[in-house]
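Start counting at 1 in the sequence shown, then tack on 4, and there's your number in the working numbering. We put the CB at the ideal spot given by N, CA and C, even for glycine. These numbers come from a predicted model, not from an experiment. Single-structure report; data block below.
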Amino acid sequence: MIKAVDIIFGLAWGDEGKGKISNAISKNYDIVCRWNGGPNAGHTVYLNNKKYKTHIIPCGVFQNKLSVIGPNCVVNVDKFYDEIEYLQKEGFDTSLVKISPKAHIITERHIQYDLKFLKPKLGTTGQGIAPAYSDKMLRIGKLAKDYIDKKHIWNEELFGNILCEGAQSFWLDINYGDYPYVTSSETLPYAACSLGFSPKKIRDIIGVSKIYDTKSGVDPLFPESLWQDEQLNRLIELGQEYGTTTGRKRLVNWLNFDKLKIAVKTSGTTKLIINKCDILQQLNIYKMRFYNQKDGPSCLSFYNFNDMKEYICNEFKEYCEVVFSGNKENI
Ligand code: IMP
Ligand code: MG
5 MIKAVDIIFG LAWGDEGKGK ISNAISKNYD IVCRWNGGPN AGHTVYLNNK
55 KYKTHIIPCG VFQNKLSVIG PNCVVNVDKF YDEIEYLQKE GFDTSLVKIS
105 PKAHIITERH IQYDLKFLKP KLGTTGQGIA PAYSDKMLRI GKLAKDYIDK
155 KHIWNEELFG NILCEGAQSF WLDINYGDYP YVTSSETLPY AACSLGFSPK
205 KIRDIIGVSK IYDTKSGVDP LFPESLWQDE QLNRLIELGQ EYGTTTGRKR
255 LVNWLNFDKL KIAVKTSGTT KLIINKCDIL QQLNIYKMRF YNQKDGPSCL
305 SFYNFNDMKE YICNEFKEYC EVVFSGNKEN I
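Encoded structure:
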């Protein structure tokens, strides 16, 4: 029987440090699941001061938990087995890793199409994500059950306490994001129900943001002129804002507080974790942006970090608890 489901997901454009947090809490659960995306995601996890990177396998495997890749994910078979081999070599029990028989397969043709037509225009990760989801919708896709070894095929049972970890994030969602500068899956917590549980089972919705914004890939909201800004460039270096999957330098801007508020309210976030606060403190400049149709763009500067924290807590007090976290801190 399912006891409760907690969901952890990103409130911005990805790369908020969700992996670190889900790894820290996953020991409290029986199953850790992914519900969306594929190898476009990149999870960085530190265990005993060692850095591990995964792209498709949920971080439950690091804590010896059943780790499920759900039916609304897309899987690159070669990359999946590469990751299995890597984790096995590192001493983790990969028999715990399961894929839904209904997950879809990314083929070489999907990757070639993405690299040729989508990556140059939209700055995708080039992993064949959109073409694989397109074939799924056209009902011509290939299913994991026919391509993955039976020992890694999930029996579609859920039980106990479940943690669902989102990939990509709120503003990359196919419905809510700034289309077409989005990914091809549903990144909001409601979509985790595609794993096969009732929305009534959802207990906590843990939304993760950073104290500043970053974007990998093309997006008119993040013009390349941002790379000319000296303070923001310092943030890139201090925060090491380079892609886990692509190694690309990210575009960085001050926190868009209006967007964060929309993401928190729409998603039903019950716990808001704001990450990388130590990086902003190293820069020692405390700014946020606002943008709404009525007032247009504006900026707010704070004298110190405590003032910024107080402002944020106050703005969210009727919605959720707020936790401020540092880059390497495990909370
Ligand atoms: P796709 O998911 O590869 O199609 O890429 C679509 C957009 O989402 C591009 O702007 C990517 O940079 C972005 N994106 C996809 N996955 C991630 C991620 O895990 N972190 C950050 N950005 C991502
Ligand atoms: Mg990531």
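Between the Cα of residue i and the Cα atoms of the options, which residue gives the shortest distance?
i           : options               : result
residue 63  : 102, 82, 78 and 80    : 102
residue 306 : 205, 314, 164 and 290 : 290
residue 230 : 258, 158 and 210      : 258
residue 69  : 221, 181 and 34       : 34
residue 260 : 219, 161, 27 and 147  : 219
residue 138 : 9, 127, 109 and 296   : 109
residue 188 : 118, 150, 252 and 149 : 118
residue 241 : 227, 284 and 125      : 284
residue 147 : 86, 314, 19 and 74    : 74
residue 271 : 297, 11, 143 and 7    : 11
residue 330 : 243, 92 and 125       : 243
residue 327 : 25, 191 and 7         : 25
residue 175 : 124, 91, 89 and 262   : 262
residue 195 : 77, 286, 299 and 252  : 77
residue 90  : 56, 107 and 67        : 56
residue 200 : 121, 37 and 273       : 37
residue 183 : 310, 125, 256 and 28  : 125
residue 23  : 5, 107 and 67         : 67
residue 324 : 51, 298, 273 and 311  : 273
residue 106 : 308, 143 and 221      : 143
residue 186 : 317, 123, 318 and 149 : 123
Following a CB-centred definition, is residue i positioned closer than 6 Å to any heavy atom of the ligand IMP?
i           : result
residue 136 : no
residue 170 : no
residue 288 : no
residue 127 : yes
residue 218 : no
residue 192 : no
residue 133 : yes
residue 221 : yes
residue 284 : no
residue 255 : no
residue 187 : yes
residue 176 : yes
Is residue i near the ligand MG, going by C-beta to nearest heavy atom under 6 Å?
i           : result
residue 19  : yes
residue 181 : no
residue 211 : no
residue 46  : yes
Hey, residue i and residue j are a contact pair by Cβ (cut 8 Å); roughly how many whole angstroms apart?
i           : j           : result
residue 247 : residue 254 : 7 Å
residue 209 : residue 193 : 5 Å
residue 155 : residue 99  : 7 Å
residue 215 : residue 303 : Contact flag wrong, Cβ pair sits at about 15 Å.
residue 79  : residue 42  : 6 Å
residue 104 : residue 161 : Not a contact, Cβ separation roughly 11 Å.
residue 133 : residue 81  : With a Cβ gap of about 15 Å, residue 133 and residue 81 do not count as contacting.
residue 250 : residue 58  : Not a contact, Cβ separation roughly 15 Å.
residue 171 : residue 40  : 6 Å
residue 232 : residue 287 : So it is not a contact: roughly 17 Å between Cβ atoms.
residue 65  : residue 84  : Contact flag wrong, Cβ pair sits at about 12 Å.
residue 61  : residue 87  : 5 Å
residue 29  : residue 163 : Incorrect: roughly 18 Å between the Cβ atoms, too far for contact.
residue 223 : residue 256 : Wrong, their Cβ atoms sit about 12 Å apart, outside the cutoff.
residue 301 : residue 309 : Not quite, the Cβ-Cβ distance comes to about 23 Å (not below 8 Å), so this is no contact.
residue 20  : residue 173 : 7 Å
So what does residue i bridge to, in DSSP terms?
i           : result
residue 301 : 295
residue 290 : 306
residue 216 : 258
residue 265 : Bridge partners of residue 265: none, in fact.
residue 325 : 275
residue 71  : 36 and 101
residue 117 : In DSSP, residue 117 forms no bridge with anything.
residue 246 : 253
residue 166 : 9 and 35
residue 59  : Bridge partners of residue 59: none, in fact.
residue 54  : 51
residue 77  : 41
residue 147 : 108
residue 210 : 12 and 275
residue 157 : 103
residue 173 : 14
Check your understanding: Does the region 157-167 touch the region 109-117, meaning 3 or more C-beta pairs lie closer than 8 Å?
Key -> no
Check your understanding: If we count Cβ pairs, one from each stretch, closer than 8 Å, do we get three or more for the region 47-55 versus the region 196-212?
Key -> no
Review point. Given 8 Å as the limit, is there contact between the region 210-222 and the region 273-282, that is, 3 or more CB pairs closer than that?
Key: yes
Exercise for review: Say whether the region 266-275 touches the region 8-21, bearing in mind that this needs 3 or more beta-carbon pairs closer than 8 Å, one atom from each stretch.
Suggested key: yes
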